[in-house]
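The numbering of the sequence shown is the working numbering, which starts it at 116 and goes up by one. Note that beta-carbon positions come from the ideal geometry of N, C-alpha and C, so glycine has one too. Only one structure is covered here, and it is reproduced in the block below.
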Amino acid sequence: MKDDLGALSVVLNIASEGSGPLTGATFAVKENIDVAGQVSTNGHPQWAATHAAAHANAPVVDRLLAAGARLVGKTHMDEMAYSLLGANPHFGTPINPAAQNRHPGGSSSGSAVAVAAGLVSFALGTDTAGSCRAPAAFCGIFGFRSSHGAIPIDGVIPLAPSLDVIGWFARDLDRMVDVGDVLLPADSDDGEFREAVLLSDAFHGVETEFAASAAPAIDQLKSAPWREGRLDDEFFKTALAHFRNLQAHEAWTSHGGWIAAHHPTFGKGVEERLAIASKVTLEQKRAAEAFGAEARKKVDAMLGDDGFIVSPTTPFRAPLLADSDEQLDAKRYQMMRLFLIASYFGLPQIALPLPSSDAPVGLSFIGRRGSDRKLLAFARRFCAKMKAR
């Protein structure tokens with residue numbers, strides 16, 4: 116397989132002898148998901164040098180193979196899955212096929228690029244704090260983050276276990292649903308979505324390009340029952356501070372021992388986040404968990420019994436490769452404000468690409484925890500209606 120975009124770390128050709136709903140499809144998996152006989156790099160060469168090859172596939176890989184898909188490669192990722200841009204100082208930055216002068220998004224950068232470039236039918240990533248949603252929006256493809264706990268993550272290198280989930284990318288919603296049919300359990304949330312909840316805070320300050328691209332989709336949503344939802348600035352500020360502490364404490368618990376033993380060199384941003392993580396206390400983590408339990412009630416009330424949240428996936432197009440560190444830090448903060456809603460409360464979220472005259476932008480739907488299949492099915496119906504307009 117020819118990969119001119121730096122998406123693939125390893126080229127493989129692994130197929131099962133059986134057939135199923137994914138027969139004929141090809142896929143790739145992120146470098147923190149185990150494939151038998153391969154060392155999962157976790158986005159860092161020293162991690163690869165200090166860990167053995169996997170003895171078995173992650174169960175999620177076996178399920179896809181059993182459904183007839185063929186595994187053709189592993190994909191590059193951000194260091195330790197602890198970034199949102201896709202830049203990796205050791206393995207390079209995969210080229211965004213939709214906007215080559217812009218970041219591809221991370222940490223599941225290679226998986227998104229492989230799909231966007233047509234190298235595979237679909238690709239697996241992981242999502243802790245936006246790592247499937249950011250690259251989906253930036254590369255102009257569909258991306259899905261599953262409910263926390265819906266899909267086993269055995270054989271997946273952890274970052275923050277109470278937040279880590281499996282996600283995937285595809286260029287069309289039929290394929291997204293096919294993968295979901297293989298991987299997802301039956302929904303715990305019965306019934307249908309009957310009300311769109313437009314999160315007004317999330318639409319404040321979006322780029323002009325996003326507003327123009329999203330207008331037809333918003334009009335379509337407003338042709339059915341809808342209402343406005345709101346999580347005020349104080350909520351976002353407080354929630355983000357707690358969320359970062361929770362993620363950081365778990366990240367250091369996962370990898371602090373390895374870092375102390377091997378003293379790896381990290382790129383800017385990841386190095387700073389890990390340094391902060393090393394200082395987050397157990398008390399801060401517990402405070403974050405307590406806040407999350409209380410804040411969940413507010414989010415659940417906003418969703419109601421049959422609503423789904425509508426939000427920009429990101430409020431802007433992919434950042435330029437030439438943007439300064441200060442600009443990138445500011446944009447990461449803006450993204451995290453939106454991503455924490457699904458991440459903090461374990462909710463499923465699907466990122467939908469929007470037609471754009473410039474670099475891609477994306478709109479997202481967020482459902483109640485356990486409504487994964489319903490969310491995918493609704494997104495497919497919604498996009499079909501949009502095409503028929």
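Report task. Flag this pair as yes or no: are the beta carbons of P463 and S261 separated by less than 7 Å? Result -> yes
Query raised in the report: Do you know offhand how far G306's Cα is from L469's?
Result: 27 Å
Requested in this report: Under the assumption that R432 contacts D304 (Cβ atoms under 8 Å), give the Cβ distance between them as a whole number of angstroms.
Outcome: Actually they are not in contact, since the Cβ atoms of R432 and D304 sit about 33 Å apart, beyond 8 Å.
Query - Spatially closest choice to D347 from L336, S315 and V321, by CA coordinates - result: S315
Query raised in the report: With C-beta atoms as the reference, is H357 less than 7 Å away from F406?
Result: yes
Query raised in the report: Counting along the chain, where does the alpha helix (DSSP H) carrying L336 start and finish?
Result: T323 to L336
Report task. Can you tell me which of the three DSSP states N128 falls into? Result -> strand
Report task. Compare the beta carbon distance of I333 and L298 with 7 Å and say whether it is the shorter of the two. Result -> no
Requested in this report: Would you kindly work out how many angstroms separate the C-alpha atoms of L490 and F480, rounded to a whole number?
Outcome: 8 Å
Query raised in the report: With burial defined as no fewer than 16 other Cβ atoms inside 10 Å of the residue's Cβ, what is the status of T353: buried or exposed?
Result: exposed
Query raised in the report: Is any beta-carbon of chain B found at less than 7 Å from that of M195?
Result: Of the protein chains in this structure there is only one, and it is not chain B.
Query raised in the report: What is the rounded straight-line gap between the Cα of R185 and the Cα of P174?
Result: 15 Å
Requested in this report: Please report how far the alpha carbon of T428 lies from the alpha carbon of M450, in whole angstroms.
Outcome: 8 Å
Requested in this report: Can you give me the Cβ contacts of P204 inside the same chain, cut-off strictly under 6 Å, excluding the 5 residues immediately before and after it?
Outcome: G382
Query raised in the report: According to the Cβ coordinates, are V235 and A130 closer than 7 Å?
Result: no
Query raised in the report: Unbroken beta strand (DSSP E) runs of length 3 or more, entirely within the region 436-499: which are they?
Result: 464-469 and 476-481
Query - Between the CA atoms of R309 and D440 - distance to the nearest angstrom - result: 42 Å
Report task. Could you check which residue in M291, R342, P331 and S328 has the C-alpha nearest to that of A140? Result -> M291
Query raised in the report: Should A437 go down as buried or exposed, given a rule of 16 or more other Cβ atoms within 10 Å for buried?
Result: exposed
**Report entry** Euclidean distance between Cα positions of K400 and A163
**Finding:** 29 Å
Query - Through-space distance from V395 to L278, alpha-carbon basis - result: 17 Å
**Report entry** Separation of F259 from E324, as counted between CA atoms
**Finding:** 23 Å
Report task. Give me the Cβ distance between R452 and F351, rounded to the nearest whole Å; I'm assuming they're in contact under 8 Å. Result -> 5 Å
Query - Continuous beta strand (DSSP E) stretch holding F284: start and end - result: V280 to A285
Requested in this report: Quick one: residues in its chain with C-beta nearer than 6 Å to the C-beta of F460, no 5 flanking neighbours on either side, listed in chain order?
Outcome: R411 and V414
Query raised in the report: According to DSSP, is P300 helix, strand or coil?
Result: coil
Report task. Quick one: grab the DSSP three-state call for T368. Result -> helix
Query raised in the report: Fully enclosed by the region 134-219, which beta strand (DSSP E) runs are 3 residues long or longer?
Result: 141-145 and 185-190
**Report entry** Whole-number beta carbon distance between W283 and A238, since they are thought to touch under 8 Å
**Finding:** 7 Å
Query raised in the report: If F257 sits next to N211, beta carbons under 8 Å apart, how far is it from one beta carbon to the other, in whole angstroms?
Result: About 16 Å separates the two Cβ atoms, so there is no contact after all.
Query raised in the report: Cα separation between L389 and Y448?
Result: 16 Å
Query raised in the report: Which term fits D193, buried or exposed, when burial requires 16 or more other beta carbons within 10 angstroms of its beta carbon?
Result: buried
**Report entry** Coil, strand or helix - P250 by DSSP
**Finding:** helix
Query - The alpha helix (DSSP H) enclosing F318, as first and last residue numbers - result: S315 to F318
Query raised in the report: Skipping 5 residues on each side, what residues in its chain have a beta carbon closer than 7 Å to that of A181?
Result: S131, G133 and G135
Query - Distance between V425 and P250 (C-alpha atoms, nearest Å) - result: 18 Å
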